[in-house]
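S.K.:
There are 4 protein chains.
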Amino acid sequence: MPKVSEQHLEARKQQIGAAAFQCFARKGFHPTTMQDICAEAGLSAGAVYRYFDSKQAIIGSACDVTQETSDQELLAGAIETTDTRQMLQGLADAFFSRLDGPDATTQNRAILQLWAEVAVNDDVRGSFKEREATIADGMSAIVVEAQGRGDFEAALDFQSVVRAMFALYDGFRLQKAIDPSIPTAPYVTVVKALLTGSFWTGVVPEPAKA
Amino acid sequence: MPKVSEQHLEARKQQIGAAAFQCFARKGFHPTTMQDICAEAGLSAGAVYRYFDSKQAIIGSACDVTQETSDQELLAGAIETTDTRQMLQGLADAFFSRLDGPDATTQNRAILQLWAEVAVNDDVRGSFKEREATIADGMSAIVVEAQGRGDFEAALDFQSVVRAMFALYDGFRLQKAIDPSIPTAPYVTVVKALLTGSFWTGVVPEPAKA
Amino acid sequence: MPKVSEQHLEARKQQIGAAAFQCFARKGFHPTTMQDICAEAGLSAGAVYRYFDSKQAIIGSACDVTQETSDQELLAGAIETTDTRQMLQGLADAFFSRLDGPDATTQNRAILQLWAEVAVNDDVRGSFKEREATIADGMSAIVVEAQGRGDFEAALDFQSVVRAMFALYDGFRLQKAIDPSIPTAPYVTVVKALLTGSFWTGVVPEPAKA
Amino acid sequence: MPKVSEQHLEARKQQIGAAAFQCFARKGFHPTTMQDICAEAGLSAGAVYRYFDSKQAIIGSACDVTQETSDQELLAGAIETTDTRQMLQGLADAFFSRLDGPDATTQNRAILQLWAEVAVNDDVRGSFKEREATIADGMSAIVVEAQGRGDFEAALDFQSVVRAMFALYDGFRLQKAIDPSIPTAPYVTVVKALLTGSFWTGVVPEPAKA
DNA sequence: GATGAATGAGATTTCATTCAT
DNA sequence: GATGAATGAAATCTCATTCAT
Chain B
485 MPKVSEQHLE
495 ARKQQIGAAA
505 FQCFARKGFH
515 PTTMQDICAE
525 AGLSAGAVYR
535 YFDSKQAIIG
545 SACDVTQETS
555 DQELLAGAIE
565 TTDTRQMLQG
575 LADAFFSRLD
585 GPDATTQNRA
595 ILQLWAEVAV
605 NDDVRGSFKE
615 REATIADGMS
625 AIVVEAQGRG
635 DFEAALDFQS
645 VVRAMFALYD
655 GFRLQKAIDP
665 SIPTAPYVTV
675 VKALLTGSFW
685 TGVVPEPAKA
Chain X
485 MPKVSEQHLE
495 ARKQQIGAAA
505 FQCFARKGFH
515 PTTMQDICAE
525 AGLSAGAVYR
535 YFDSKQAIIG
545 SACDVTQETS
555 DQELLAGAIE
565 TTDTRQMLQG
575 LADAFFSRLD
585 GPDATTQNRA
595 ILQLWAEVAV
605 NDDVRGSFKE
615 REATIADGMS
625 AIVVEAQGRG
635 DFEAALDFQS
645 VVRAMFALYD
655 GFRLQKAIDP
665 SIPTAPYVTV
675 VKALLTGSFW
685 TGVVPEPAKA
Chain U
485 MPKVSEQHLE
495 ARKQQIGAAA
505 FQCFARKGFH
515 PTTMQDICAE
525 AGLSAGAVYR
535 YFDSKQAIIG
545 SACDVTQETS
555 DQELLAGAIE
565 TTDTRQMLQG
575 LADAFFSRLD
585 GPDATTQNRA
595 ILQLWAEVAV
605 NDDVRGSFKE
615 REATIADGMS
625 AIVVEAQGRG
635 DFEAALDFQS
645 VVRAMFALYD
655 GFRLQKAIDP
665 SIPTAPYVTV
675 VKALLTGSFW
685 TGVVPEPAKA
Chain D
485 MPKVSEQHLE
495 ARKQQIGAAA
505 FQCFARKGFH
515 PTTMQDICAE
525 AGLSAGAVYR
535 YFDSKQAIIG
545 SACDVTQETS
555 DQELLAGAIE
565 TTDTRQMLQG
575 LADAFFSRLD
585 GPDATTQNRA
595 ILQLWAEVAV
605 NDDVRGSFKE
615 REATIADGMS
625 AIVVEAQGRG
635 DFEAALDFQS
645 VVRAMFALYD
655 GFRLQKAIDP
665 SIPTAPYVTV
675 VKALLTGSFW
685 TGVVPEPAKA
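Chains as they are written, first to last, in the numbering used here: chain B, 485 to 694; chain X, 485 to 694; chain U, 485 to 694; chain D, 485 to 694.
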């Protein structure tokens, strides 16, 4: 009966992964002990090791899980919208709404751990960059499109524009990880204003090349 | 002659702190062993423990050192400029130039470690938040001023504006920590464009409530 | 089946405690290393720490174990005897016979370590005094009884009489700890003589208050 | 000028020895660190090592110092008294008065440490036994004399009698080390009573072999 | 002679991992 | 499949001792 086994195996991995995730968000990867994970998962050490080869493997798995996989879908939906402003606002709402969920703080803190690990651990950096690249590609397409439509200044490096969008998201996530009481809504308003031209209300000089 | 001793003590602390900083940027706080730090500092374990009570103390010290203290000066200089655009551009140049220094990558990676630790370790969170608050206050003054001058949309929550500025900085730092080859200049151009109204070139709707 | 586990746990604690006891008697508490104890117990460091939280805990446990618990029974038996002389002789035989057992020297040396520790370590002093008090109470009852019967000089402070009895026991134990070859029997004879009036054979003056 | 040097050297040794003694009484030999001793003596580590080769040497020296050297004189004085009772009372007063001096507790606790060490450390055992033997010899002479005079039961093993006297002294010292509040006077009364026949007031049987 | 910074061996303790049951 | 006792390498930290100044 490989089906049952398969399912069971997947379920257990899930269970252990979720437990580990909690622990990691709470204490960080390295201070978390296997005992912590076992206790959180309600399993014995032996059991955990049946499903994961090592603590590193659990960390690796947690790193993979950490990044939302639905990013793609959000982007795919967005690109069909041809009104740039509307699309940006939709995207912003979609992305930032994830920072207000019930376990957003857990998520955010775990992601901080992930970033720190990625900066330092070659094993997880690879897949991290890959995933980032995928989303970045999706965003790039959107940015280029908007530039084509004449909504974003065409002279700007589109990759840097994508980076700025990422930064506005991740940088805020960082702040909420450290202080979860920060309200999301007014921040999103500012982000929308920045991206859609209602932030700066002063004089705008003639384009560089006049 | 306590002067000599005092100076020596400070110098050694500096030396050990710098060594630890390197290690932390390279491996993270917890995977770094005292041996690593001793080797990097060229000292024996006993010597290191004459200057720091524990590894935790070294981490704490590194966390304090990590944040640039010159932020204040930059802001102090900026607030005297009354041309908002010019001021923002100056600020952006000043801040972002720090991400291209010779050991910027070390700095950036160490800061990732710091963020991760702050999210998880009450002992370092306190002083971290304090320092952040100080800078945030400086920025707030600038933002409020700019809103007063009619350069930033007055309806925007000024705290959120500050957060967005932080995010644009820290979020990019995160990216450079993970991939140091990213060029800073085009990103700074985008940031300036965002903040000074030359990013969005499409139609700008009438203010929400006209 | 918690029974097995419970029993196992107790057995292991016993085993480790006994091993530690040997080591302590051989080298003293502080010069004994955990390695010594592990080796004596035939266990790894990790195993030992599953049953005791720290070396201090092992010392504490050894201190508790060190004092014979059967003292009470001896005294309980004694108090039923109404012939003071016979009772004292029985008690002396019972107590001192313990100084000639196979591992009496180990015991004696361990007790020296205990005394030294008690004088210096608040943590173990408490329970030590408690246990001593219990035995002292038992002895006191006997002494008061004997005074009531007119066998011991009534004017003597009964607590000091008890102390003298303790001293005759512990002081000899001290000697045997240092030189185990000292024979017990002639010493016991002297003790009996002292307590039952056949030691001093010279003139006895009239009682103080004549 | 060897004289000055000699004197200086002796003075420093004294100073260090006294400091060490305090520390030992307070914490025991092994938990006492060289730093403790240096601090107590008001000297640097280097200075201490100029006068003592090692910590062991300091312990050894402390062990030598610990035992009162005036024992001999007391005994020498005593043996000239021909009234056994008077002599015993004088001896008891002389010896026990030492347990009430200002730093008697320090002394007592240090001696506990010494005993524990002697039981365990061959290096100090030798000189300890020697010194004990000297005093024991002095006491033996007194006891034999008293037996000759018909004051102590002649059938008793004189060495065991000496041991009993030691025990009454050391055993009480042990008690005072642990609880310094115990009063000495009533105890001495009991000791005198035991040794001079006024303790047991009941019927005394005929000598074993009549 | 004196200092006290430095050494480095060694002590205690933890924890990822294994394996007999 | 699951358990959890056992392992032992490795980490943090201490402290007796030395030696340049």
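Positions of the beta carbon are idealized from the N, C-alpha and C atoms, including for glycine. No experiment lies behind these values; they were computed from the predicted model shown.
#1: Check the DSSP bridge columns for tryptophan 684 of chain U and list the partner residues they point to.
#2: Which whole-angstrom value is the C-beta distance of glycine 634 of chain U and glycine 686 of chain D, which I expect to be below 8 Å?
#3: Note down, one range per segment and in chain order, each alpha helix (DSSP H) of at least 4 residues found wholly within the stretch 499 to 577 of chain U.
#4: Taking the alpha-carbon positions, what's the lysine 676 of chain U to aspartate 577 of chain U distance?
#5: Would threonine 668 of chain D pass as a contact of phenylalanine 580 of chain D if the rule is Cβ separation under 8 Å?
#6: Give me the chain B residues within the contact set of threonine 680 of chain X, using Cβ-Cβ distance strictly less than 7 Å, ordered along the chain.
#7: I'd like the list of long-range same chain contacts for lysine 497 of chain U, defined as Cβ closer than 7 Å, with 5 residues on each side in sequence excluded.
#8: Within 8 Å (strictly less), CB to CB, does glutamate 637 of chain X reach chain B?
#9: Look at the alpha carbon of serine 545 of chain B and the alpha carbon of proline 515 of chain X, and state the distance between them as a whole number of angstroms.
#10: Can you name the residues of chain D whose CB is closer than 7 Å to the CB of glutamine 597 of chain U?
#11: Using alpha carbons as the reference points, say which of D:Ile563, D:Gly574 and D:Ala502 lies closest to aspartate 548 of chain D.
#12: Can you find a heavy atom of the ligand SAM that lies under 7 Å from the Cβ of alanine 630 of chain X?
#13: Residues of chain D with a CB under 8 Å from the CB of threonine 673 of chain U: which are they?
#14: Indicate whether alanine 600 of chain X and leucine 596 of chain B have their beta-carbon atoms separated by less than 8 Å.
#15: Would you kindly work out how many angstroms separate the C-alpha atoms of threonine 589 of chain D and tyrosine 653 of chain U, rounded to a whole number?
#16: As a quick exercise: from U:Gln631, U:Glu494, U:Ala617 and U:Ala523, pick the residue whose alpha carbon is nearest that of alanine 504 of chain U.
#17: Hey, glycine 655 of chain X and phenylalanine 650 of chain B: beta-carbon distance below 8 Å or not?
#18: Taking only beta carbons into account, state which residues of the stretch 524 to 540 of chain X come closer than 9 Å to chain B, listed in chain order.
#19: Would you kindly work out how many angstroms separate the C-alpha atoms of leucine 575 of chain B and serine 538 of chain X, rounded to a whole number?
#20: With a threshold of 6 Å on Cβ separation, who are the neighbours of isoleucine 543 of chain U within its own chain once the five nearest residues in sequence on each side are excluded?
#21: What three-state label does DSSP hand isoleucine 595 of chain U in the structure shown?
#22: For alanine 603 of chain X, decide whether its Cβ has a neighbour in chain B, counting only Cβ atoms nearer than 8 Å.
#23: I'd like the span of the alpha helix (DSSP H) that includes arginine 657 of chain D, first residue to last.
#24: Does the beta carbon of arginine 582 of chain X sit closer than 8 Å to a beta carbon anywhere in chain B?
#25: Can you list, in chain order, the residues of its chain whose CB lies under 7 Å from that of isoleucine 666 of chain D, leaving out five sequence neighbours each side?
#26: Thinking just about the alpha-carbon of each residue, which of D:Ala541, D:Gln506, D:Pro670 and D:Asp520 is nearest to the one in aspartate 607 of chain D?
#27: Strictly below 9 Å CB to CB, what residues from chain B border glutamine 659 of chain X?
#28: Grouping DSSP H, G and I as helix and E and B as strand, with all else coil, what is threonine 668 of chain X?
#29: Please go through the same chain and pick out, in chain order, the residues whose beta-carbon is closer than 6 Å to the beta-carbon of cysteine 507 of chain B, but skip the five residues on each side of it.
#30: Closer than 9 Å by beta-carbon distance: list the chain U residues that pair up with isoleucine 662 of chain D, in chain order.
#31: Taking the straight line between their C-alpha atoms, what separation do you get for tyrosine 671 of chain B and glycine 622 of chain X?
#32: Excluding the five sequence neighbours on either side, which residues of its own chain have a C-beta within less than 7 Å of the C-beta of alanine 529 of chain D, listed in chain order?
#33: Do you know how far the Cα of threonine 680 of chain X is from the Cα of alanine 639 of chain X?
#34: Out of X:Val604, X:Arg593, X:Asp587 and X:Pro586, which has the shortest C-alpha to C-alpha gap to alanine 594 of chain B?
#35: Answer with buried or exposed for leucine 493 of chain B, where buried requires no fewer than 16 other C-beta atoms within 10 angstroms of its C-beta.
#36: Kindly indicate which residue of D:Asp641, D:Thr618, D:Ala630 and D:Pro664 has the alpha-carbon position closest to the one of serine 554 of chain D.
M.R.: Straight from the coordinates:
#1: Residue 684 of chain U sits at position 200 when you count from the first residue of the third sequence. Tryptophan 684 of chain U is bridged to D:Phe636.
#2: Within the third sequence, residue 634 of chain U is the residue found at index 150, counting from 1. Within the fourth sequence, residue 686 of chain D is the residue found at index 202, counting from 1. That belief holds up - the Cβ atoms of glycine 634 of chain U and glycine 686 of chain D are roughly 6 Å apart, short of 8 Å.
#3: Here the runs fully enclosed are 518 to 525, 529 to 535, 539 to 550 and 555 to 563.
#4: The residue you call residue 676 of chain U lines up with position 192 of the third sequence. The residue you call residue 577 of chain U lines up with position 93 of the third sequence. Cα to Cα, lysine 676 of chain U sits roughly 9 Å from aspartate 577 of chain U.
#5: The residue labelled residue 668 of chain D in the question sits at position 184 within the fourth sequence. The residue labelled residue 580 of chain D in the question sits at position 96 within the fourth sequence. Taking a C-beta distance under 8 Å as the contact criterion, threonine 668 of chain D and phenylalanine 580 of chain D qualify as a contact pair.
#6: Taking the second sequence and counting its residues from 1, the one referred to as residue 680 of chain X is at position 196. By Cβ distance, chain B contributes Trp684.
#7: Here the question's residue 497 of chain U lines up with position 13 in the third sequence. In the same chain as lysine 497 of chain U, and ignoring 5 residues on each side of it, the C-beta atoms closer than 7 Å to its own belong to Tyr535, in chain order.
#8: For the purposes of this step, residue 637 of chain X is taken as the residue at position 153 of the second sequence. At least one C-beta of chain B is nearer than 8 Å to the C-beta of glutamate 637 of chain X.
#9: As a first step, residue 545 of chain B must be located in the first sequence, where it is residue number 61. As a first step, residue 515 of chain X must be located in the second sequence, where it is residue number 31. Spanning the two alpha carbons is a distance of roughly 19 Å.
#10: Translated into the one-based positions of the third sequence, residue 597 of chain U becomes position 113. Those within 7 Å of glutamine 597 of chain U in chain D are Ala600.
#11: Along the fourth sequence, one-based indexing puts residue 548 of chain D at 64. Among D:Ile563, D:Gly574 and D:Ala502, the Cα nearest to that of aspartate 548 of chain D belongs to D:Ala502.
#12: As presented, the structure is devoid of all ligands, the ligand SAM included, so that no description of it is given.
#13: Reading the third sequence from its first residue, position 189 is the one you call residue 673 of chain U. What threonine 673 of chain U touches in chain D: Leu640, Asp641 and Ser644.
#14: Counted from its first residue, the second sequence places residue 600 of chain X at position 116. Counted from its first residue, the first sequence places residue 596 of chain B at position 112. Yes, the pair counts as a contact, with Cβ atoms nearer than the cut-off.
#15: The residue you call residue 589 of chain D lines up with position 105 of the fourth sequence. The residue you call residue 653 of chain U lines up with position 169 of the third sequence. So the alpha carbons of these two residues sit roughly 22 Å apart.
#16: On the third sequence, residue 504 of chain U is found 20 positions in, with the first residue counted as 1. Among U:Gln631, U:Glu494, U:Ala617 and U:Ala523, the Cα nearest to that of alanine 504 of chain U is on U:Ala523.
#17: Here residue 655 of chain X corresponds to residue number 171 of the second sequence, with the count starting at 1. Here residue 650 of chain B corresponds to residue number 166 of the first sequence, with the count starting at 1. Between glycine 655 of chain X and phenylalanine 650 of chain B, the C-beta gap is smaller than 8 Å, which places the two residues in contact.
#18: Hits within the stretch: zero.
#19: Position 91 of the first sequence holds residue 575 of chain B. Position 54 of the second sequence holds residue 538 of chain X. About 47 Å.
#20: What you label residue 543 of chain U is simply residue 59 of the third sequence in a count that begins at 1. Correct list, in chain order: Phe513.
#21: Sequence index remark: in the third sequence, residue 595 of chain U carries index 111 (1-based). Correct three-state label for isoleucine 595 of chain U: helix.
#22: Taking the second sequence and counting its residues from 1, the one referred to as residue 603 of chain X is at position 119. It does; some Cβ of chain B falls within 8 Å.
#23: In the fourth sequence, residue 657 of chain D corresponds to position 173, counting from 1. Start and end: 642 to 662.
#24: Taking the first residue of the second sequence as position 1, residue 582 of chain X is located at position 98. Under the Cβ criterion of 8 Å, arginine 582 of chain X is not counted among the residues facing chain B.
#25: In the fourth sequence, the residue the question calls residue 666 of chain D occupies position 182. Only Gln659 and Lys660 meet the Cβ criterion.
#26: As a working note, residue 607 of chain D is residue 123 in the fourth sequence. With respect to the C-alpha of aspartate 607 of chain D, the residue from D:Ala541, D:Gln506, D:Pro670 and D:Asp520 having the closest C-alpha is D:Ala541.
#27: Counted from its first residue, the second sequence places residue 659 of chain X at position 175. Ordered by position in chain B, the residues that pass the 9 Å Cβ test against glutamine 659 of chain X are Glu616, Arg647, Phe650, Ala651 and Asp654.
#28: Counting from 1 along the second sequence, the entry for residue 668 of chain X is found at position 184. Threonine 668 of chain X falls in the coil class under three-state DSSP.
#29: As a first step, residue 507 of chain B is located in the first sequence; it is residue number 23 there, counting from the start. The answer, listed in chain order, is Thr516, Asp520, Ile521 and Glu524.
#30: As a working note, residue 662 of chain D is residue 178 in the fourth sequence. Result: Trp599, Val602, Ala603, Arg609, Phe612, Lys613 and Glu616.
#31: Here residue 671 of chain B is taken as the residue at index 187 of the first sequence, counted from 1. Here residue 622 of chain X is taken as the residue at index 138 of the second sequence, counted from 1. Answer to the nearest angstrom: the Cα atoms are 19 Å apart.
#32: Within the fourth sequence, residue 529 of chain D is the residue found at index 45, counting from 1. Close CB contacts of alanine 529 of chain D within its chain, under the 7 Å cut and outside five residues either way in sequence, are with Met518 and Cys522 (chain order).
#33: On the second sequence, residue 639 of chain X is found 155 positions in, with the first residue counted as 1. On the second sequence, residue 680 of chain X is found 196 positions in, with the first residue counted as 1. One alpha carbon belongs to alanine 639 of chain X, the other to threonine 680 of chain X, and they sit about 17 Å apart.
#34: Working through the first sequence from its first residue, we reach residue 594 of chain B at position 110. Per the Cα distances, X:Val604.
#35: Taking the first residue of the first sequence as 1, we reach residue 493 of chain B at position 9. Leucine 493 of chain B comes out exposed.
#36: Working through the fourth sequence from its first residue, we reach residue 554 of chain D at position 70. The shortest C-alpha separation from serine 554 of chain D is found at D:Thr618.
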